[in-house]
Structure formats: structure tokens, C-alpha cells
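Novice: Numbering that gives the first Met the number 0 numbers the first residue of the sequence shown as 0 and each following residue consecutively. I'd like to ask some things about the structure below.
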Amino acid sequence: MDMHTVVVGTSGTTAEDVVAVARHGARVELSAAAVDALAASRLIVDALAAKPEPVYGVSTGFGALASRHISTELRAQLQRNIVRSHAAGMGPRVEREVVRALMFLRLKTVASGHTGVRPEVAQTMADVLNAGITPVVHEYGSLGCSGDLAPLSHCALTLMGEGDAEGPDGMARPAGELLAAHGITPVELREKEGLALLNGTDGMLGMLVMALADLRNLYTSADITAALSLEALLGTDKVLAPELHAIRPHPGQGVSADNMLRVLAGSGLTGHHQDDAPRVQDAYSVRCAPQVNGAGRDTLDYAAVVAGRELASSVDNPVVLPDGRVESNGNFHGAPVAYVLDFLAIVAADLGSICERRTDRLLDKNRSHGLPPFLADDAGVDSGLMIAQYTQAALVSEMKRLAVPASADSIPSSAMQEDHVSMGWSAARKLRTAVDNLARIVAVELYAATRAVEIRAAEGLVPAPASQAAVAALRAAGAEGPGPDRFLAPDLAAADTFVREGRLVAAVEPVTRPLA
């Protein structure tokens, strides 16, 4: 567990905070202001609970059952029951980092003082995170409206000492045992608290924040692999000139072109060896890389704006307002987050597609401008990287299926009370798969491009210093260079890890200076 501490206040939670807690085990503390806000909003809820008039979520049932007024002696049971009944997920367990993000973001909203939850409940949430206890949450159960209901319910069940959870050792066992082992007292939920723990977009938001962090790395990595492919294909870097991109001023396009140009600085391959087969223009997958990569970058920037707004939000229903009102609302609807999750799946699929087209060009002797077929050592005896491209193509094909938007669907629920839902959780789940696949696709292009650059270097051509740094680092990471056929899967796995962990970017930046 990382000993870095994230302080949760009434506002100000950042994407970096989410990643620190979810992925790196950062500790969580409640600020004094958050504790005060929690106590103040709880006084409002307690006052309303004492009145005879029904208040949704405080003294009524939920969803389609909201018309029933619940007597005082049944309200604790009501809050327990909503958690137990809504903890109805099915399917494989969701990844630990996703569940930690889910829990942390619900704590962030609770700490805002707009939910009416007692300070001791919020502190228990922090204690569970700090103990490394991770509720068992299942793949299916959220429609992305009224919050990520089933996933959040499984988390709330752990706070009650019920259900199953995973300990710091990764082993699942009864949550009550884990709480006891860490000296944590299960919570006894009171009015509104069960509902407040379930009603948020926290799961889809957490996955969005982590996907953005991963995609930032992958887009920079793809700029590097595009530059390596351009170099290996003896393409021209003239298309990367800043003045060309200034007259079509999409921000991401200019960033990607600049990244590529800096990777190619000092290359002895680009644009200088076309005498035997002159080219007026390079193929689109080479020439238009900044335009495609850049459009994806701009989409990431928009998604980050949406994520920032959602991080600044207090998503619950009803909410406690500063003037003392407790009002029902529809802020739990996941549409804003669901849309950008789908947008990211689309641009990730297109980035994977253009990477694969460059890989295929590197392997085709009719289009690679003098490279050996499939980059094989002895073509015919050796198959080279033929099937690596098959694997890449299979990944691209799945990426296209994953790009079909989940948010265009809606299935009514709760006896038509919840008659339009966002499917944002589903959009987030498929985006995680897409991000994983994209890393593999970029890794295959990197593996092919570095082999091709090494083949050119063996012919006496001098690659760019940044290209040489990328090749050396990849080889040191265990992905071998040109030669006779060998068991290829370990090399591709090494390249995948190299890209996924940001080591490709780190390898070239001492030469290029930091890339965007």
C-alpha cells in the first residue's frame, strides 16, 4: 500500500486522487470541513425524519414503491433491506481498482455534505479503503441510472459486515470477518443512508478516469510507433511541418504532428531514399497519422472535461441543499458519462485500425519499399511476423464491435418508473476491454516497426536517435530483434507490457524532451 494520503474535502477531488487511491493504494482521510458538512446535513435529515410528512428516501419506499410512508420503527430495516435487495449483481468479479475507485468516489460525494449521511458512516468507508478491503462486485447489475445500483450495493453491504469481500491478500471471505480482523465496526444504517450509498455514477466515472489515464499514454505511444513506421517505410516527414497543421488548427493534430517530428529528428531514413521508386505521397495510414491521432486526442480532452464536471458533482437522490431543503432530482442519470465512454471506444477502435494498417504495410513486400516479406529472416523458411499481424487484426475486429455505443440503448426498469436508463456502466466495461486491446495493437506495431528499422540500419541507414533509444529499450525489455523464427508470443507480451507501463514514452523522452 502506498503511504501517500488523499484528503477528501467537501469538494476538489481530482482525477489524480482517484488513480492514487484506486491503483496505488493511497490512504484516505476526511478533512475537518467534510466532517462538519456531514454533521450539518445529518441534522437536516434527522429533523425531517421526525416530522409526520413523508420525505422521499427518508421516510418512504424507493423507486416504484416511493408512495408508501414508512413508520419510524421500520426505517432502519428499510435501509438495510435496500442494500441487501439491491446487491443483486451477477457474473465475474470486477477488478480491484474499479471497486476501489467506486468506493472512493462514493465517499467523495458523501463528504460533500449533500447526502445526509452521518460522519461515522463516511469514516467507516475510509477505514475500509485504508484496510485494503475490497467488496466483491459483479460484472452485471447496473443500468447506469439511479446510479450504479448493484455495484454500489455490494460495497454498502460490506460496510454492514455482510456479503463477501477481498482482503489485502487477494482472498475473498465473509466481509464481517475482514472488518473484525481490522478492528472496523459494521455500520447500522439510519434514515436515507442506505439510499445515499447506492445512488451515484461512481463506477462509470471511476472507469472513465482510469481509461483517460491509460489512453493518454497510448496516444503518445501511438505517435511514436507511427513515426517509427514512417521511418521504416522511408516516408517523408515533410507532412509533419508545423505550418501545415497550423492551417487546420485542431489542437490534438498539432500535438501529434509535433510528437512525431521530434521522434524523427535526425533520421537518415525519412524522405531520402525514394530514387528507385519515387512517391509523390505516402499512404493515408502514414501521412494522416497526426489527423487521426489528433482527433482522438481532442476527444480525450472533451471526455476529461466531462469527467472533471462529474468529479465536482454531488450525485444523489434526494439531495440536501444548503438552505435546508431535501429535494428529489435526476442527477443520477449517467448520460453525460455514458456518451463520452462510448466516444472513447470509437476513437480507440480507429486508432487501433490505423496502427494495424501500418503494420500490414511493413509486412507486405509490395508496399514496404524494400523490406523483406513479413520482415522474415529467410522468407519461405521463416514466416516472420505474419501471424502477429493476424493477432493484431483480430484485436482490431473486436475493437470495432466494442465501438458500438451502449448509450444508444435503454431498457426500462422498476415498473416503468425508471423508464430511460443510460447503460453507462456497460459503456465503461466495454471501454476497459477496448483499452486493453489497444495497448496490444500498439505493441504489435511497435514490435514490427522496430524490427523494420533495425533491418534498415543493417543496410547502412541511420535511424533517428529517438528511434534507436526505443529499439534499445524494447530489446532490453525482452522483445528480441530480427532473426530466424522463434516462439513469438513472449516477445509480443514483452512489447505489450513495455507499452502499457509507459516505458516506450519514457525511453524516447530523454532524446525528444517530454512529449505531449
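Glycine included, every Cβ here is placed at the ideal spot set by N, Cα and C.
#1: Taking buried to mean at least 16 other C-beta atoms within 10 Å of its own C-beta, is Met422 buried or exposed?
#2: Suppose you measure from the CA of Ala245 to the CA of Ala264; what does that come to, to the nearest Å?
#3: In the DSSP assignment, find the unbroken beta strand (DSSP E) run with His137 in it and report its ends.
#4: Going by DSSP, which residues form a beta bridge with Glu326?
#5: So Gly199 and Thr108 are in contact, right, with Cβ under 8 Å, and what is the actual spacing, rounded?
#6: Evaluate contact between the region 424-441 and the region 405-414, counting only Cβ atoms and requiring at least three cross-stretch pairs below 8 Å.
#7: Excluding the five sequence neighbours on either side, which residues of its own chain have a C-beta within less than 6 Å of the C-beta of His181, listed in chain order?
#8: Looking only at its chain, what residues have a beta carbon closer than 8 Å to the beta carbon of Phe331, apart from the 5 residues adjacent to it on each side?
#9: Quick one: is Ser111 buried, meaning 16 or more other Cβ sit within 10 Å of its Cβ, or exposed?
#10: Do Ser425 and Thr449 come within 9 Å of each other at the CB atom, strictly closer than that value?
#11: Classify Ser84 as helix, strand or coil using the three-state DSSP reduction.
#12: Helix, strand or coil, according to DSSP, for His23 in the structure here?
#13: State the DSSP-derived secondary structure class of His419, mapped to helix, strand or coil.
#14: Mapping the DSSP letters down to three states, classify Ala130 as helix, strand or coil.
#15: Going by the CB atoms, is the gap between Thr224 and Leu503 shorter than 9 Å?
#16: Answer yes or no: do Val44 and Glu190 have a C-beta to C-beta separation smaller than 9 Å?
#17: Under the three-state reduction of DSSP, which class applies to Asp381: helix, strand or coil?
#18: Using 8 Å for Cβ pairs, my map puts Ala347 next to Val434. What's the rounded Cβ distance?
#19: Using the beta-carbon count (16 or more within 10 Å), is Thr219 buried or exposed?
#20: How about Leu384 and Leu260: do their beta carbons lie closer than 9 Å?
#21: Would you mind giving the Cβ-Cβ distance between Gly477 and Glu453, rounded to the nearest angstrom? I have them listed as a contact below 8 Å.
#22: In angstroms with no decimal places, state the Cα-to-Cα distance between Ala311 and Ser40.
#23: For Val336 and Ile183, I'd like the C-alpha separation in whole angstroms.
#24: Give me, in chain order, the residues of the same chain whose beta-carbon lies closer than 7 Å to that of Ser367; leave out the 5 immediate sequence neighbours on both sides.
#25: Out of curiosity, what's the CA-to-CA distance linking Ala387 and Pro241?
#26: What's the gap between the Cα of Leu47 and the Cα of Leu514?
Specialist: Considering the structure as presented:
#1: That one is buried.
#2: The alpha-carbon atoms of Ala245 and Ala264 are separated by roughly 20 Å.
#3: Annotation: the continuous beta strand (DSSP E) that includes His137 extends over His137 to Tyr139.
#4: Beta-bridge annotation (DSSP): Glu326 is paired with Val318.
#5: Contact flag correct, Cβ pair sits at about 6 Å.
#6: In the pairwise beta carbon analysis, the region 424-441 is classified as touching the region 405-414: at least three pairs are separated by under 8 Å.
#7: The residues are Ala130.
#8: Hits under 8 Å: Cys144, Ser145, Gly146, Asn198, Gly199, Thr200, Val314, Asp315 and Asn316.
#9: Of the residues assessed, Ser111 falls on the buried side of the cut-off, its CB having 16 or more other CB atoms within 10 angstroms.
#10: No, they are not a contact pair.
#11: In the structure shown, the three-state DSSP call for Ser84 is helix.
#12: DSSP, read as helix, strand or coil, puts His23 in helix.
#13: Under the three-state reduction of DSSP output, His419 falls in the coil class, being neither helix nor strand.
#14: Correct three-state label for Ala130: coil.
#15: Leu503 places its beta carbon less than 9 Å from that of Thr224.
#16: Judged by their CB atoms, Val44 and Glu190 are nearer to each other than the 9 Å cut-off.
#17: Asp381 falls in the strand class under three-state DSSP.
#18: Val434 and Ala347 do touch by the CB rule: their CB atoms are close to 6 Å apart, below 8 Å.
#19: Counting C-beta atoms within 10 angstroms of its own C-beta, Thr219 has 16 or more neighbours from the protein chains shown and is therefore classed as buried.
#20: Contact flag unset, no.
#21: In fact, because the Cβ distance is near 16 Å, the residues do not count as touching under 8 Å.
#22: Taking the Cα positions, Ala311 is about 18 Å away from Ser40.
#23: Looking at the two C-alpha atoms, the distance is approximately 34 Å.
#24: Cβ within range, chain order: Leu232, Arg360 and Leu361.
#25: Taking C-alpha positions only, Ala387 is separated from Pro241 by approximately 34 Å.
#26: Rounded to whole angstroms, Leu47 to Leu514 spans 55 Å at the Cα level.
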